[in-house]
Amino acid sequence: MPRMEPSSFPFGFDIESSSLPEVSEAQLSIIDCPIGTVPILRNNVDNMAVQHAGSTLASNGEQFEEAGIKYWDDRLIYGTQASINVYAPYVNETSKDLSASWLQISNGPKDRPVGIGAGSWVFPSLSGDSHPRFHIKWDDEFQVKSCIDHSCQGFIQVSRRVGLGGRIHPVSVYNGKQYVINVSILKDPDTSNWWLSYGKENIGYWPKRNFRFMRHYGDYAYWGGFVQGPTASSNPPQMGSGHFASEGYGKAAYINNIRILNGENEFITPDIIRAFPGSSVPSKYTYYDVGGGDNGMHVLYGGPGGKR
Numbered sequence: 001m002p003r004m005e006p007s008s009f010p011f012g013f014d015i016e017s018s019s020l021p022e023v024s025e026a027q028l029s030i031i032d033c034p035i036g037t038v039p040i041l042r043n044n045v046d047n048m049a050v051q052h053a054g055s056t057l058a059s060n061g062e063q064f065e066e067a068g069i070k071y072w073d074d075r076l077i078y079g080t081q082a083s084i085n086v087y088a089p090y091v092n093e094t095s096k097d098l099s100a101s102w103l104q105i106s107n108g109p110k111d112r113p114v115g116i117g118a119g120s121w122v123f124p125s126l127s128g129d130s131h132p133r134f135h136i137k138w139d140d141e142f143q144v145k146s147c148i149d150h151s152c153q154g155f156i157q158v159s160r161r162v163g164l165g166g167r168i169h170p171v172s173v174y175n176g177k178q179y180v181i182n183v184s185i186l187k188d189p190d191t192s193n194w195w196l197s198y199g200k201e202n203i204g205y206w207p208k209r210n211f212r213f214m215r216h217y218g219d220y221a222y223w224g225g226f227v228q229g230p231t232a233s234s235n236p237p238q239m240g241s242g243h244f245a246s247e248g249y250g251k252a253a254y255i256n257n258i259r260i261l262n263g264e265n266e267f268i269t270p271d272i273i274r275a276f277p278g279s280s281v282p283s284k285y286t287y288y289d290v291g292g293g294d295n296g297m298h299v300l301y302g303g304p305g306g307k308r
């Protein structure tokens, strides 16, 4: 029988309420499944499209751009958590591109690291609509492919209330009300399984048997946005709010309350010296106001892409 929660919770696990004005927590659609069952959401597209989406993320030939914080730590990373500001960036429905607001932990060869991540995606060719949805992605090291939600075996869901791929609502409004999702990924020190939580809801875990490089820890983390797909560089979609990071809070997307789990099973603020903020294409996406404090690190990011 699968575990229903980690064997213990780290010190400082609860994400503090945002100190920013006009910020509330966005919600996933709640489903009350019978005991012994979990919600598996159907996509609005056929199975071939879902398989294509999974293979798309695994392909080295896909175009990819990003803006956010890359973080390397040789003291090792056993988890991360953050508040992700949720917008609905414009993505051309026929492009098969996606736009994500994301956190991730990785390990392995520098030229092809493997990892696990979660966050908000707008991915019309997968979902059949342009709504932000909560997705996970991880790399199957043994089958050498990337997996989305339940597209392949490897993620054990325990929540009867939250379905992967569920719509996130409400979403933030430019220069108006702001909404965030609170996401945590942590390694259970007793079982070595990697747990995923959405707010206070334990969604499920990746068993340690899934991994070789990620079996014990990560050495790299990422917080920010990315776009990926056949035209993500040549005709890039919006990222974040669709506005440049320098416009500031309430207008540009952000991730704050960023913390990492250390070897003492404590969530701490990342070391700013080990953080490398950047953008792969500054003319289309930018980052701004990277800093840290008692409540974690923060960064603003995003941009209009090719939509002017």
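In this text, residue positions in the sequence shown follow UniProt numbering: the first is 1, and each later residue adds one.
Using N, Cα and C, we set each Cβ at its ideal position, and we do this for glycine too.
A Cβ-Cβ distance of about 5 Å is found for the pair Trp223 and Ile255, placing them in contact under the 8 Å criterion.
In this chain, Ser120 is not harboured by any alpha helix (DSSP H); it is covered by the beta strand (DSSP E) spanning Val114 to Val122. Using a C-beta cut-off of 8 Å, the stretch 66-77 makes no contact with the stretch 199-214, since fewer than three inter-stretch Cβ pairs fall below that distance. DSSP, reduced to helix, strand and coil, places Glu141 outside both helices and strands of the structure shown, so it counts as coil.
If you look at Gly224, you'll find it in the beta strand (DSSP E) that goes Gly218 to Gly229. For Arg75, the enclosing beta strand (DSSP E) covers residues Gln63 to Ile77. Under the criterion of beta carbons closer than 8 Å, Thr286 and Asp97 do not qualify as touching, at roughly 19 Å. In the three-state reduction of the DSSP assignment, Lys110 falls in the coil class, being assigned neither a helical nor a strand state. The beta carbon of Gln104 is closer than 6 Å to those of Gly115, Gly117 and Tyr222 in its chain, skipping five residues each way along the sequence. In this structure, the CA atom of Lys251 is about 27 Å from the CA atom of Ser125. For Gly303, the number of other beta carbons within 10 angstroms of its own is at least 16, and it is reported as buried.
In terms of Cβ geometry, Val180 and Asn85 form a close pair [threshold 8 Å]. Judged by DSSP in its simplified three-state form, Arg209 adopts helix.
Taking a contact as a CB-CB distance under 8 Å, the pair Leu186 and Ile136 does not count as one, their CB atoms being some 14 Å apart. Listed in chain order, the alpha helix (DSSP H) elements of length 4 or more contained wholly in the stretch 263-292 amount to none. Secondary structure of Ser125 (DSSP, three-state): helix. Short of 6 Å from the beta carbon of Ala275, and not among the five residues preceding or following it, lie these beta carbons of its own chain, in chain order: Ile69 and Tyr71. Pairing Phe142 with Glu247, the inter-Cα distance amounts to about 43 Å. Cβ contact annotation for Pro170 (same chain, cutoff 7 Å, sequence separation greater than five): Ala26 and Tyr179, in chain order.
With the rule of 3 Cβ pairs closer than 8 Å, the stretch 231-241 does not count as touching the stretch 126-133. Residue pairing for Arg259: DSSP places it in a beta bridge opposite Gln81. Contact fails between the stretch 88-97 and the stretch 262-276, because fewer than three Cβ pairs, one in each stretch, are under 8 Å apart.
Going by C-alpha positions, Ser106 is about 11 Å away from Arg212. Here DSSP, grouped into helix, strand and coil, assigns Ala245 to helix.
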